[in-house]
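Quick note on numbering: the sequence shown equals residues 43 to 481 in my numbering. Every residue gets a Cβ at the ideal spot worked out from N, C-alpha and C, and that includes glycine. A short write-up of the structure that comes next.
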Amino acid sequence: MKVTIVGSGYVGLVTGACFSEVGIDVVCVDIDENKISNLNKGIIPIYEPGLEDMITRNMKKGRLSFTTQIKDAVKDSEAVFISVGTPPDEDGSADLKYVIAVARDCGKHIDDYTLVITKSTVPVGTSLKVKNAVQEELDKRGVDVSFDVASNPEFLKEGAAINDFLKPDRIVVGVENERAKEILKKLYKPFTLNGHPVLFMDIVSAEMTKYAANSMLATKISFMNDIANLCEIVGADVNKVRKGIGSDTRIGNKFIYPGIGYGGSCFPKDVQALIRTGGEHNYDLQVLKAVEAVNKKQKVVLFNKILKHFNGDLEGKTITLWGLSFKPQTDDMREAPSLEIVKRLLEAGATVKAYDPIAIEEAKHHFGDTISYYKDQYEALIDADCLAILTEWPEFKFPNFNIVNRLLKNPFIFDGRNIYDRFEMKAKGFDYFCIGVDT
Ligand code: NAD
Ligand code: UGA
């Protein structure tokens with residue numbers, strides 16, 4: 043079986059690599075010529091653990107290839123996955139122009155039955171638009187080629203994408219008929235060996251499931267951030283509260299870690315897009331509006347703690363940041379809390395030094411030379427007035443605190459990810475500030 047994946051970003055590359063890993067012939071397509079030329083040389087455009095190895099292995103086996111030519115790719119593919127970006131429009135709704143452009147390309151070039159599957163995160167009703175776009179192009183050609191559309195939203199997490207794809211909790215598939223169902227059942231069979239199911243449903247429900255899932259996860263995080271802020275005020279410790287509620291299986295212990303707000307390319311945009319979908323149908327998604335508002339506020343919480351500790355004056359102060367990416371194990375900087383924090387620090391007149399194990403090159407696209415970058419986490423501390431932790435990279439969890447203490451001008455640590463024990467920090471001589479604990 044041969045499949046085409048259109049859009050070779052985070053989702054497209056992981057999907058393509060994982061399908062080829064189980065023996066399926068995959069062609070990944072992208073309009074970015076530079077990206078494709080690099081991929082053909084074995085240069086992977088993103089940092090994702092395990093991805094480079096998997097891509098090079100399957101390229102060598104001849105099961106995975108990259109091209110800019112969708113025309114050639116779709117010709118003998120039974121299934122075409124659309125995995126291009128759906129960034130927010132000016133009003134927050136999902137911009138579908140890339141998805142529809144690919145649908146049109148499919149209509150222009152398919153010669154035989156093809157299943158066109160939308161994997162990008164798209165609002166309810168998009169698969170119908172995809173169907174119409176394919177059909178319009180077929181009509182323009184005056185040909186009668188049969189095709190179906192399906193919705194197959196993706197649930198992988200960056201940094202753990204390969205594992206999430208190979209061993210998914212579930213695979214959600216929206217189809218209109220048995221033929222489409224059988225193709226997707228066959229494609230996903232190798233990924234259901236861990237016992238987790240492919241959930242078949244109608245297309246609208248599949249599209250809605252993706253937004254509902256991301257919105258629920260974002261809701262858990264904003265809820266915990268709100269609780270964390272209240273914990274500080276009333277003298278409770280949110281780390282204990284988190285464990286206390288997380289051991290109730292109805293609540294669960296995942297995605298209830300307070301911090302400096304959720305970032306990344308998905309939660310912020312998908313929450314916004316669902317609010318817009320509600321609006322389009324005159325339905326006010328009040329909970330989600332609060333989730334978004336809390337998240338905006340939370341991105342400034344750590345900055346406010348730093349400002350307060352320096353008596354409202356950061357002019358001339360040097361702040362060292364450990365971690366810039368929106369989460370560990372990725373170089374993705376999209377909507378990273380560091381973007382807001384750096385902006386505020388610079389506006390307040392501070393000098394910012396930063397260390398991140400992987401995201402420095404990406405960060406340079408955002409901050410340019412407004413901050414300085416270090417290759418060593420300790421070197422970044424020299425002459426700094428304090429350290430702020432913005433991403434919970436494993437290597438920050440057990441640093442040599444003697445060195446940290448010696449290099450910092452003041453022994454002040456602002457921990458946006460609650461990775462240290464406050465009593466230990468105190469015992470080591472630090473003024474330690476975290477989220478949701480009145481230190
Ligand atoms: P991305 O920006 O990393 O990659 C998108 C790719 O599509 C780019 O390389 C771009 O050049 C290419 N592209 C755009 N138009 C094209 C066209 N007409 N033909 C061929 N290629 C084209 O995006 P991503 O992070 O992989 O996200 C893709 C979709 O998947 C989005 O809808 C996103 O919400 C969803 N999603 C992302 C993740 C994630 O963790 N990043 C997880 C689940 C779902
Ligand atoms: C998220 C979802 O987890 C994936 O299931 C989904 O497929 C993806 O969005 C998507 O649609 O693109 P991702 O954004 O890669 O994945 O990363 P997460 O691990 O979900 O983290 C998102 C943000 O939430 C990060 O900034 C992280 O620091 C924050 N977070 C996460 C918390 O603040 N607390 C938590 O308990 C968990």
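Residue j beta carbon less than 9 Å from that of residue i
i, j, result
"V185", "A121", "no"
"F456", "I431", "yes"
"L429", "L344", "no"
"S162", "G49", "yes"
"V11", "M243", "There is no way to answer for residue 11, as the model of the chain reaches only from 43 to 481."
"L449", "A469", "no"
"V56", "R105", "no"
"I204", "G92", "yes"
"G478", "N271", "yes"
"G54", "V126", "yes"
Rounded Cβ spacing between residue i and residue j (contact assumed at less than 8 Å)
i, j, result
"I152", "V187", "5 Å"
"D268", "V329", "With 8 Å as the limit, D268 and V329 do not qualify as a contact, their Cβ atoms being about 12 Å apart."
"A192", "L157", "6 Å"
"Y299", "M266", "7 Å"
"Q340", "I383", "Not confirmed; about 11 Å, so no contact."
"R318", "D133", "7 Å"
"A392", "V333", "Going by Cβ atoms, the distance from A392 to V333 rounds to 30 Å, so no, they are not a contact pair."
Euclidean distance between Cα positions of residue i and residue j
i, j, result
"Y416", "Q371", "18 Å"
"A222", "G286", "45 Å"
"I213", "V313", "21 Å"
"V172", "E249", "13 Å"
"F197", "D355", "43 Å"
"K252", "I445", "45 Å"
"D211", "V144", "29 Å"
"I263", "N295", "12 Å"
"V283", "F475", "18 Å"
"P441", "G471", "15 Å"
"D279", "C273", "6 Å"
"I410", "E179", "For the sequence presented, residue 410 should be read as Gly rather than Ile. Rounded to the nearest angstrom, the two C-alpha atoms are 43 Å apart."
"E357", "A115", "57 Å"
"E437", "Y397", "11 Å"
"I348", "F465", "20 Å"
"R20", "G65", "Here the chain covers residues 43 to 481 and nothing more, so residue 20 does not appear."
"A255", "F309", "10 Å"
"E220", "P195", "19 Å"
"R183", "K338", "48 Å"
"M43", "S119", "8 Å"
"S414", "E421", "11 Å"
"H351", "K451", "14 Å"
"D131", "Y140", "12 Å"
Near the ligand ZN: residue i beta-carbon under 8 Å from a heavy atom
i, result
"C476", "In terms of ligand content, the structure shown lacks the ligand ZN and carries the ligand NAD and the ligand UGA instead."
Burial state of residue i (16 or more Cβ within 10 Å)
i, result
"T160", "buried"
"S79", "exposed"
"F454", "buried"
"Y462", "buried"
"E63", "buried"
"P399", "buried"
"L366", "buried"
"Q111", "exposed"
"V276", "exposed"
"Y155", "exposed"
"M96", "buried"
"E491", "Only positions 43 to 481 of the chain appear in the structure, and residue 491 is not among them; the question remains open."
"S289", "exposed"
"Y325", "exposed"
Top-ranked residue by Cα proximity to residue i, from the options
i, options, result
"P87", "L450, E404, Q314, D398", "E404"
"F31", "Y397, N452, D72", "The requested residue 31 does not occur in the structure, where the chain is confined to residues 43 to 481."
"R386", "I402, V342, D147, H408", "V342"
"T412", "D373, T360, L138", "T360"
"N174", "P165, G149, V166, R183", "G149"
"E369", "K199, S414, L241, F207", "The identity of residue 369 in the sequence shown is Lys, whereas the question assumes Glu. Minimum Cα distance to K369 is reached at K199."
"L322", "V479, V394, V166, S107", "One detail in the question is off: residue 322 reads as Glu in this sequence, not Leu. Checking every option, the nearest Cα to that of E322 belongs to V166."
"L208", "L235, A270, K227", "L235"
"E90", "K406, D374, K439", "D374"
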